[in-house]
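In what follows, a structure is listed as structure tokens, so that the remarks can point back to it.
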Amino acid sequence: MLKVSQTLAAVHLVSITDTGELYNPHPVTKRIAGTRLGKILAGTTYSSTPVFNRIIKDKNQVHLKFKGVQHIHATQNCHIEGLVNGVWQSIPAKIKDDQVVVEFPNGTTQARYGYSNAPILTLYNEQNDPIAPFLINLDEGNLI
626 MLKVSQTLAA
636 VHLVSITDTG
646 ELYNPHPVTK
656 RIAGTRLGKI
666 LAGTTYSSTP
676 VFNRIIKDKN
686 QVHLKFKGVQ
696 HIHATQNCHI
706 EGLVNGVWQS
716 IPAKIKDDQV
726 VVEFPNGTTQ
736 ARYGYSNAPI
746 LTLYNEQNDP
756 IAPFLINLDE
766 GNLI
């Protein structure tokens, strides 16, 4: 869905990943999904779910940049998962304004966030909209 929303001009992604439950992926309360859809249709503050945009490599740090974000905040400690030598590991990350900064160990080839069944999303933009789950190739800097 993310790739389609980035390819077609009139298609917007509305993430409701933060509203589901472990054994019920469909949110019981529809208000959050409806509010996000309404904001898009009204053309006010919400144009689409904040999504991964690109990476910037700076020495041993990777800066993850996002579209639809001016400021990121976390509801819990910030972690990004890294595929280190074939094993997924939780890597602590720091938030710097509109980006997430991670120091991945050597041998890390991919990174992901919220990429599981019933994930607990912890990263939100300044309007409290969740950053969409992503899986990226760190060498190429693109979505997988």
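When we follow this note's numbering, the leftmost residue of the sequence shown carries the number 626, and every step to the right adds one.
Ideal placement from N, C-alpha and C gives every residue a C-beta, glycine not left out.
- Fully enclosed beta strand (DSSP E) runs of no fewer than 3 residues occupy 676–683, 686–692, 704–709 of the stretch 646–710, in order along the chain.
- Remark: C-beta atoms of Thr-747 and Gln-701 approach each other more closely than 8 Å.
- The shortest C-alpha to C-alpha distance from Glu-706 to any of Val-636, Ile-665, Ser-741, Glu-646 is the one to Ser-741.
- Checking the DSSP bridge columns, you'll see Thr-733 partnered with Val-709.
- Glu-728 and Asn-685 do touch by the CB rule: their CB atoms are close to 6 Å apart, below 8 Å.
- Assignment of Gln-631 by DSSP, reduced to helix, strand and coil, places it in the helix class.
- Under a 10 Å Cβ-count criterion, Gln-695 is classified as exposed, with fewer than 16 other Cβ atoms of the shown protein chains found around its own Cβ.
- A direct Cα-Cα distance of roughly 11 Å separates Ala-658 from His-651.
- Short of 8 Å from the beta carbon of Val-639, and not among the five residues preceding or following it, lie these beta carbons of its own chain, in chain order: Ala-658, Arg-661, Leu-662, Ile-665, Ser-673, Thr-674.
- A straight-line Cα-Cα distance of about 32 Å links Cys-703 and Ala-667.
- Assignment of beta-bridge partners to Tyr-740 by DSSP yields no partner.
- Counting along the chain, Ile-761 sits inside the beta strand (DSSP E) bounded by residues 759–762.
- Where Val-726 is concerned, the enclosing beta strand (DSSP E) starts and stops at 724–727.
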